[in-house]
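So, in structure tokens, the structure goes:
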């Protein structure tokens, strides 16, 4: 029975039009009476059909429907034929954009990076550089050419302001896909003051609107992939599992509908992502644009298989109170032997994903675009959910660091549950890295190598959601927390 079922699956996968995956890493636990679908146990392991890969499946139990699909795998080195894409990566110099650009180039896609280097300018504004010494875009792409033999083009352009140049670029390059990372990405920075609030709205919303207008004016059929955030849903507001973008509701009169999930943003930054979501809905309906919106969790990690090939390719590592994501901040504090700074009770539950999986998810979305006329495709781009104080304990236990609970600079619930569906990416072959996979070591090695570049005082919160939050924090006398500059 088992042998027959596996052969059936292999035959199905090998005859799928877009299938380039050369292995099946699953065991069959359920076979429906109807052979139109099959379920896969999340913990089963099998030897690869073609290359001996063994994968631990960590996604929830999932169902694959017959029909074409693309599944990404570490063992697949590139693409060919109709799957090779011409890609413009907006914001391709940033924390997520740079490793994604390298990943796509490494897989054989033709990549053009567009960036106005605003994040580097914000480093100067905040007086806090990346822990890792990131090189100029020109040096980066030259280093990639030397180690890979592949070209990546860099264009310095402001998507929110240089509209005519954006249209001209799109017409000249004629990309299959435009990946949109070109937004101010930090919630704390967006709450810092009136200037940063206005900048975040002007940059993020204008950039997204300009992109839609430019594609329409260029009169090209281009797939937009936008990196959104899980924060558009709010936290704990769905009354159960958060679905992927759309939710079933019953309207007055007993009418059942499937609608865009209600927005519940928690910062100016998150609000811009909600406004983006409405723009995508309009331009899809009005101009038939093909759009995928990825609601991503908190990203952790630094390097990917591509960025470790040369020190000049290293990804940025933000640790400050505005841009440092919570897990990276904890890992830095633990590695340096300073107390982990947990906001409030630490009872906030958040979704997480490793930076390597961000790049993989982008490629999966790119190779599985919506058809013209389809509604906006929405994926939840997450690997798992964890409570913040549990993560702090995990890092503290591994590093021996203490834990300090600070008044929360954010205006949010002290405690929340979070149950998130991530079936779409799992069904398309993503096997995400989790916090139990021993990947702390990679981040810790980076921290130890560059620890002398760290200014520990920058780890503390520097932005507050409102005056009340700021006053609570000041009463705690944060300067009493002893953070010393590490010795050489």
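In this note's numbering, the protein residues as written are 708 to 1195.
All C-beta atoms in this analysis are idealised placements derived from N, C-alpha and C, irrespective of residue type, glycine included.
Top-ranked residue by Cα proximity to residue i, from the options
i	options	result
residue 1083	1113, 966, 892, 1013	966
residue 800	1022, 1016, 1111	1022
residue 1047	999, 1032, 1060	1032
residue 883	1137, 1114, 1175, 1074	1074
residue 856	1107, 815, 825	815
residue 938	1057, 1067, 955	1057
residue 1132	877, 1014, 1090	1090
residue 1142	1019, 1059, 1118	1059
residue 1106	963, 1174, 1151, 911	1151
residue 1149	818, 962, 1035, 1135	1035
residue 996	880, 1081, 1169	1081
residue 842	1165, 1014, 1053	1014
residue 1115	994, 1159, 1130, 1170	1170
residue 1117	817, 1053, 1159	1053
residue 1026	836, 906, 935, 1182	836
residue 1157	830, 819, 840	840
residue 936	924, 951, 928	951
residue 1029	1147, 1165, 873, 978	1165
residue 874	907, 964, 977, 924	924
residue 802	838, 832, 1009	1009
residue 949	1129, 1147, 980, 1159	1129
residue 1104	1044, 1136, 838	1044
residue 912	957, 980, 959	980
residue 1163	819, 830, 838	838
Backbone CA spacing between residue i and residue j [nearest angstrom]
i	j	result
residue 1088	residue 1161	30 angstroms
residue 894	residue 858	34 angstroms
residue 1178	residue 1127	34 angstroms
residue 1093	residue 1102	13 angstroms
residue 869	residue 851	27 angstroms
residue 926	residue 1121	48 angstroms
residue 826	residue 834	12 angstroms
residue 1123	residue 983	25 angstroms
residue 1067	residue 1004	14 angstroms
residue 1167	residue 1180	11 angstroms
residue 1065	residue 812	15 angstroms
residue 791	residue 947	39 angstroms
residue 902	residue 808	30 angstroms
residue 1018	residue 853	12 angstroms
residue 847	residue 1061	22 angstroms
residue 1098	residue 1007	12 angstroms
residue 876	residue 1079	23 angstroms
residue 1076	residue 989	18 angstroms
residue 961	residue 1069	38 angstroms
residue 934	residue 891	11 angstroms
residue 806	residue 828	20 angstroms
residue 817	residue 849	15 angstroms
residue 1051	residue 907	26 angstroms
residue 993	residue 928	14 angstroms
residue 985	residue 793	27 angstroms
residue 1182	residue 909	34 angstroms
residue 830	residue 1112	27 angstroms
residue 973	residue 916	22 angstroms
residue 921	residue 1159	44 angstroms
residue 959	residue 1147	50 angstroms
Sequence-distant residues of its chain with Cβ nearer than 7 angstroms to residue i (five each side left out)
i	result
residue 1072	932, 999, 1001, 1086
residue 1155	1042
residue 1037	1047, 1098, 1099, 1102
CB of residue i within 8 angstroms of CB of residue j, strictly
i	j	result
residue 1095	residue 1040	no
residue 1063	residue 1016	no
residue 968	residue 953	yes
residue 795	residue 880	yes
residue 1110	residue 1153	no
Sequence-distant residues of its chain with Cβ nearer than 6 angstroms to residue i (five each side left out)
i	result
residue 844	800, 861
residue 1012	none
residue 991	998, 1083
residue 955	965
residue 1196	Residue numbering for the chain in the displayed model covers 708 to 1195; residue 1196 lies beyond these limits and cannot be assessed.
Neighbourhood of residue i by C-beta distance below 8 angstroms, restricted to the same chain and skipping five residues each side
i	result
residue 797	804, 821, 822, 866, 885, 886, 887, 888, 889, 914, 918
residue 904	897, 898, 975
residue 824	800, 844, 863
residue 1176	1114, 1115, 1116, 1117, 1118
**Request:** Only counting runs of 3 or more residues, tell me where the beta strand (DSSP E) segments fall wholly within the stretch 879 to 944, in order along the chain.
**Result:** 884 to 887, 930 to 936
**Request:** Give, in chain order, every unbroken run of the alpha helix (DSSP H) that is at least 4 residues long and sits entirely within the stretch 961 to 1000.
**Result:** 975 to 994
**Message:** Which runs of the beta strand (DSSP E) at least 3 residues long sit entirely within the stretch 1033 to 1121? Give them in chain order.
**Reply:** 1047 to 1050, 1056 to 1061, 1084 to 1088, 1091 to 1094, 1110 to 1113
**Complete beta strand (DSSP E) runs within the stretch 844 to 878 (minimum length 3 residues, chain order)** = 859 to 863
**Prompt:** Curious, which full-length alpha helix (DSSP H) runs of at least 4 residues does the stretch 796 to 843 contain?
**Reply:** 804 to 813, 825 to 833
**Request:** Only counting runs of 3 or more residues, tell me where the beta strand (DSSP E) segments fall wholly within the stretch 1135 to 1164, in order along the chain.
**Result:** none
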